[in-house]
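Chains as they are written, first to last, in this note's numbering: chain A, 99 to 209; chain B, 43 to 159.
Here a beta-carbon is modelled for each residue, glycine too, at the ideal position from N, C-alpha and C.
The structure presented is a predicted model; accordingly, all values stated were derived computationally and were not measured.
The block underneath contains the structure these notes are about, expressed in C-alpha cells.
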C-alpha cells in the first residue's frame with residue numbers, strides 16, 4: 099500500500115520552514131525518509147520506528163504518530179541544498195521487508 | 043560507509059538487444075537487494091527483491107523473463123533487461139540493505155539511465 103504524501107510540491111525562500119506529511123491507510127511499522135536530487139539516487143535521511151518518535155538530521159526533523167498512521171518531516175530555516183524530492187517509505191505488513199515509497203514531494207528552495 | 047556502486051550510469055542500446063546492470067555493495071554485505079524503476083517526475087516503483095543465493099521475488103506486473111535478476115553473492119546483484127524495447131527506457135536504481143529489519147535503511151546506487159532506440 100503506497101503511502102500518501104502531501105503537498106505534492108512546495109516552493110520556499112531560503113530561511114523559511116516547511117512540513118511534508120506522509121500517511122498510510124495501513125499500520126506503519128516504520129517510516130523512512132529519503133531525499134532525491136534530480137538525476138541522482140535517493141539519499142537516506144532518517145528512520146522512525148517507534149510511535150511518537152522524533153528524529154533529527156541537521157535542521158530536518160521528523161515525527162511519527164503510530165495511531166494516526168502518519169509521519170511528518172519538518173524542514174526549518176531551509177537552505178538551497180534542501181531542494182529535491184522527498185520520499186517517505188514504509189513497511190506495510192508484518193514480515194514484509196519491502197519498502198513502498200510515496201509519490202514524493204518536490205521541494206524548491208529559492209534565494 | 044554503506045556505499046552501493048551501480049554500473050553503468052548511462053546506456054543506450056538498440057531495440058532487441060539485452061543490457062546488464064550491476065549493483066555492488068562496496069563496504070558491507072547486502073542480504074537483500076532491491077531493484078526500482080523510476081519514470082520522470084514519478085516515484086520509485088519496486089520491481090523485484092533479491093536475496094543472495096535464491097530466486098528473486100518480482101512485483102505484480104513485472105515480467106521476470108524480461109527482467110532477469112541474479113544475486114550471485116552478498117555484494118553483487120545484476121539486472122538484465124532482455125530484448126529491450128523503447129518502452130523499457132527508464133531510470134533503474136538498485137538498493138541494498140545489510141540487515142533484515144524495519145530500522146535498517148536502504149542504500150541506493152546512483153542509478154542507470156537506460157535509453158532504448
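Practice task
Mind checking which residues open and close the beta strand (DSSP E) that includes residue 130/A?
Solution key: 129-134
Handout entry: Interfacial residues, the region 83-103 of chain B to chain A, with Cβ spacing under 9 Å
Key = 83, 84, 85, 86, 87, 88, 91, 99 and 101
Handout entry: Range of the contiguous beta strand (DSSP E) that encloses residue 164/B
Key = Within the shown structure, residues of chain B are numbered from 43 to 159, placing residue 164/B beyond reach of any answer.
Handout entry: Nearest-angstrom Cα separation, counted from residue 181/A out to residue 116/B
Key = 34 Å
Problem - CB of residue 176/A within 8 Å of CB of residue 141/A, strictly - result: no
Exercise for the section: Using a cut-off of 9 Å between C-beta atoms, extract the partners of residue 151/B located in chain A. Expected result: 139
Handout entry: Under 9 Å by beta carbon: chain B residues contacting residue 202/A
Key = 83, 84, 85 and 86
Exercise for the section: Kindly indicate which residue of 107/A, 101/A, 158/A and 111/A has the alpha-carbon position closest to the one of residue 203/A. Expected result: 107/A
Exercise for the section: Please list, in chain order, all residues of the same chain as residue 131/A whose beta carbon is under 7 Å from its beta carbon, the five residues on each side excluded. Expected result: 143, 144, 160, 171, 184 and 186
Exercise for the section: Since I believe residue 60/B is in contact with residue 122/B (beta carbons under 8 Å), could you give me their beta-carbon distance rounded to a whole number of angstroms? Expected result: 6 Å
Practice task
Could you say which of 52/B, 53/B, 91/B and 72/B lies nearest to residue 78/B if we only look at CA atoms?
Solution key: 91/B
Practice task
Would you tell me roughly how many angstroms separate the C-alpha atoms of residue 103/B and residue 88/B, rounded to the nearest one?
Solution key: 11 Å
Practice task
Taking C-beta pairs closer than 8 Å, name the residues in chain B that residue 198/A reaches, listed in chain order.
Solution key: 88
Problem - For residue 90/B, the first and last residue of its enclosing beta strand (DSSP E) - result: 87-93
Practice task
Mind reading off the beta-carbon distance from residue 70/B to residue 140/B? Whole number of angstroms is fine, and I expect it under 8 Å.
Solution key: 5 Å
Practice task
Give the residues of chain B in contact with residue 185/A, contact being defined as C-beta atoms less than 9 Å apart.
Solution key: 85 and 86
Handout entry: Distance cut-off 7 Å: residue 134/A Cβ against heavy atoms of the ligand GTP
Key = Because no ligand of any kind appears in the structure shown, any question about the ligand GTP cannot be addressed here.
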